[in-house]
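Worksheet for the structure shown next.
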Amino acid sequence: MTSIDDRPSLAPSEDPYVLRVRREISDLDRSLVELVNKRLRLVAQLKHYKEEHGIGFVDLAREQWMLQYLQRANRGPLSEGGLAELYHELLDLMKREVVAQEAAASES
Numbered sequence: 273m274t275s276i277d278d279r280p281s282l283a284p285s286e287d288p289y290v291l292r293v294r295r296e297i298s299d300l301d302r303s304l305v306e307l308v309n310k311r312l313r314l315v316a317q318l319k320h321y322k323e324e325h326g327i328g329f330v331d332l333a334r335e336q337w338m339l340q341y342l343q344r345a346n347r348g349p350l351s352e353g354g355l356a357e358l359y360h361e362l363l364d365l366m367k368r369e370v371v372a373q374e375a376a377a378s379e380s
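This note's numbering puts the first residue of the sequence shown at 273, with every later residue one more than the last.
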């Protein structure tokens, strides 16, 4: 009788389970990048519209409402604190990227 510990172990790069899960993670990461880029384009459009109409870019009440909405929708395993951290980092990234895009466009 052999135990799990007696079986020869595969290198992670050869293990079928590891390969399958890594492939799924890679697919999800690619989807996340596509979604972040789509979100960034929308944020840039909204910022441009707001500037044209004299509306402030940052809306703290909307940001807080959205975080509460996402926390109610979150079914885990992402914790409430983890979600808050992710959302705040995403918002900060969007703001930095939009400003950087505008700066690059004005230099050209």
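Just so it is clear, CB atoms sit at the ideal spot from N, CA and C, and this is done for glycine as well.
Using the Cα positions of residue i and residue j, report the straight-line distance between them to the nearest angstrom.
i, j, result
"ALA375", "TYR289", "45 Å"
"LEU300", "SER281", "27 Å"
"GLU335", "LEU304", "20 Å"
"LEU332", "GLU306", "26 Å"
"THR296", "GLU286", "Looking at the sequence provided, one finds Glu at residue 296 rather than Thr. Cα to Cα, GLU296 sits roughly 16 Å from GLU286."
"ALA283", "LYS322", "54 Å"
"LEU355", "ALA372", "25 Å"
"GLY326", "ALA316", "15 Å"
"PRO349", "SER380", "45 Å"
"LYS310", "VAL330", "19 Å"
"SER378", "SER298", "35 Å"
"MET366", "ARG302", "18 Å"
"ASN346", "LEU363", "18 Å"
"VAL308", "ARG292", "24 Å"
"HIS320", "GLU357", "27 Å"
If you measure between the beta carbons of residue i and residue j, is that distance less than 8 Å?
i, j, result
"GLU369", "LEU318", "no"
"GLN340", "GLU352", "no"
CB-CB under 7 Å to residue i, same chain, minus the five flanking residues each way: which ones, in chain order?
i, result
"LEU314", "none"
"TYR359", "LEU339 and LEU342"
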